[in-house]
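**Q** Here this note's numbering is used: the first residue of the sequence shown is 8, the next is one more, and so on. Questions regarding the structure given below will be posed in turn.
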Amino acid sequence: MMSRVFEPTLLDGKAALITGGGTGICRGIALAFAAHGCDVAITSRKIEHLEPTRDELRARGVRAAAKAADVRDAAAVAGMIAEVAAELGRIDIVINGAAGNFICLAENLSPNGFGTVVDIDLKGTFNVSRAALPHLKAQGGTVVNISATLPYLGTIGQSHAAAAKAGVDSLTRTLAVEWGPHGIRVNGIAPGPIEGTEGVRRLTTEKSRASALTSCPLGRMGTTDDIANAALYLASDAASYVNGVTLVVDGGLWLRSARILGED
Ligand code: COA
């Protein structure tokens with residue numbers, strides 16, 4: 008193995024599987040994990056979304072794998088996880104980041120549209136976590152589910168994604184309790200709007216971004232580093248007694264979503 012220049016590190020000697028790891032928030036997590044000595048496998052539906060990030064990971068001196076698999080397809084997920092475990096030798100950390108979303112009012116949303124997002128976000132999280140369990144059990148491990156603050160209030164145009172993420176948070180709590188005795192911690196992260204991501208490009212307008220900046224107590228959008236640092240914390244031994252929580256990383260934005268009386 009190539010020598011690493013990052014010692015001492017938080018995740019040295021570990022291996023992580025990161026779904027949706029080619030782009031956006033999860034690319035940031037993958038690069039941060041690699042900087043802390045972690046071998047990383049990234050997966051998404053399209054291999055061309057993964058290859059540039061895989062090459063960046065390798066340039067950081069860790070082993071990196073890129074695998075195309077649709078998290079909705081349990082058989083494909085099982086095959087992908089077997090390949091990752093064979094290539095990296097172990098899986099200590101699973102980041103469930105693969106997600107699909109668009110804005111659509113419930114009255115205009117087809118049953119298949121609703122089901123598609125639930126299948127990717129919620130069933131995908133279940134499929135990947137369940138298939139990775141034997142590898143996590145082998146030496147104790149951890150799962151971090153990427154969630155959202157959408158279900159905390161009624162979010163217009165997000166019936167599908169809010170329901171899916173509420174389900175993800177429920178799964179986080181149940182798996183934390185079921186898998187804790189195996190030495191496996193299961194937690195989540197609920198990011199606010201993160202600048203430069205596909206989510207912000209697809210799901211916000213100039214007006215809604217300006218409104219988020221005004222409302223956010225910290226007065227800024229999040230960065231992929233903000234989320235990567237939260238994931239580093241939850242995945243590392245620094246969080247060894249943290250189990251079953253979803254950490255909101257949004258600068259306090261959702262708390263300001265309720266109107267203050269007398270405010271425009
Ligand atoms: N508005 C309303 N319905 C939509 C929609 C939109 N913008 N996009 C997809 N749907 C519906 C489709 O109409 C279809 O339902 P139907 O068969 O009743 O017409 C259903 O969702 C499945 O769509 P399809 O495009 O066949 O599914 P897919 O598996 O190829 O992709 C998504 C589904 C949700 C992932 C797709 O929007 C996508 O590829 N998004 C880009 C990636 C992404 O969302 N990233 C996350 C950003 S936060």
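All C-beta atoms in this analysis are idealised placements derived from N, C-alpha and C, irrespective of residue type, glycine included.
Return the first residue and the last residue of the alpha helix (DSSP H) that residue 249 is part of.
**A** Neither: residue 249 is in no alpha helix (DSSP H) and is coded neither H nor E.
**Q** Let me know if residue 82 comes out buried or exposed under the rule of 16 or more other beta-carbons within 10 Å of its beta-carbon.
**A** Answer is exposed; the Cβ neighbour count stays below 16.
**Q** Let me check understanding here. Comparing Cα to Cα, which of 132, 171, 234 lies closest to residue 109?
**A** When only C-alpha atoms are compared, the closest one is 171.
**Q** Could you pull the DSSP bridge partners for residue 72 from this structure?
**A** DSSP output for residue 72 lists 48 as bridge partner(s).
**Q** Mind listing, in chain order, the continuous beta strand (DSSP E) runs of no fewer than 3 residues lying wholly within the segment 151-225?
**A** For the segment 151-225, whole beta strand (DSSP E) runs of length 3 or above, ordered along the chain, are 191-198.
**Q** For residue 4, verify whether its CB is less than 7 Å away from any heavy atom of the ligand COA.
**A** With the chain covering 8 to 271 only, the question about residue 4 has no answer from this structure.
**Q** Along the chain, which unbroken stretches of the alpha helix (DSSP H) at least 4 residues long are found entirely within the segment 88-146?
**A** DSSP runs (the alpha helix (DSSP H)) wholly in the segment 88-146: 118-125, 131-146.
**Q** Could you tell me whether the segment 81-99 touches the segment 227-240, where touching means 3 or more Cβ pairs closer than 8 Å?
**A** Touching, no, given that fewer than three Cβ pairs across the two stretches are closer than 8 Å.
**Q** Helix, strand or coil for residue 25 per DSSP?
**A** Strand at residue 25.
**Q** Can you name, in chain order, every residue of its own chain whose Cβ lies under 6 Å from the Cβ of residue 43, other than the five neighbours on each side?
**A** For residue 43, where only same-chain residues beyond five positions count, the Cβ hits under 6 Å are 16, 17, 18.
**Q** How is the alpha helix (DSSP H) around residue 227 delimited, first residue to last?
**A** Looking at the DSSP string, residue 227 is not in any alpha helix (DSSP H), and its letter there is neither H nor E.
**Q** Under 7 Å from any heavy atom of the ligand COA, does the C-beta of residue 234 make it?
**A** False, no ligand heavy atom lies under 7 Å from that Cβ.
**Q** How should residue 250 be labelled, buried or exposed, when 16 other C-beta atoms within 10 angstroms of its C-beta is the threshold for buried?
**A** Buried, since its Cβ has 16 or more Cβ neighbours within 10 Å.
**Q** Quick one: using the 10 Å Cβ neighbour count with 16 as the cut-off for buried, is residue 181 buried or exposed?
**A** Residue 181 should be labelled exposed.
**Q** Classify residue 74 as buried or exposed, calling it buried when 16 or more other Cβ atoms lie within 10 Å of its own Cβ.
**A** By the neighbour-count rule (16 or more Cβ atoms within 10 Å), residue 74 is buried.
**Q** Kindly indicate which three-state DSSP category residue 60 falls into: helix, strand or coil?
**A** Of the three classes helix, strand and coil, the one that applies to residue 60 here is helix, per DSSP.
**Q** Taking the alpha helix (DSSP H) that residue 17 belongs to, which residues open and close that run?
**A** Residue 17 -> no alpha helix (DSSP H), and no H or E assigned at all.
**Q** State the DSSP-derived secondary structure class of residue 260, mapped to helix, strand or coil.
**A** Residue 260: coil per DSSP, three-state reduction.
**Q** Report buried or exposed for residue 20, applying the criterion of at least 16 other Cβ atoms within 10 angstroms of its Cβ.
**A** With fewer than 16 Cβ atoms within 10 Å of its Cβ, residue 20 is classed as exposed.
**Q** Whose C-beta lies closer than 7 Å to the C-beta of residue 90 among residues of the same chain, with five residues either side of it excluded?
**A** Closer than 7 Å at the Cβ level, and outside the excluded window around residue 90, lie 74.
**Q** Can you name the start and end residues of the alpha helix (DSSP H) that residue 36 belongs to?
**A** Counting along the chain, the alpha helix (DSSP H) containing residue 36 begins and ends at 31-42.
**Q** Have a look at residue 161 and residue 112 and give me their C-alpha separation to the nearest angstrom.
**A** Their backbone Cα atoms lie some 12 Å apart in a straight line.
**Q** Rounded to whole angstroms, what is the Cα-Cα separation between residue 11 and residue 71?
**A** The pLDDT assigned to residue 11 is 45, lower than 50, so where the model puts this residue is not dependable; a value taken from the coordinates is nonetheless given after this. Looking at the two C-alpha atoms, the distance is approximately 14 Å.
**Q** With distances taken between CB atoms, is the gap from residue 222 to residue 263 smaller than 8 Å?
**A** Yes. Within cutoff.
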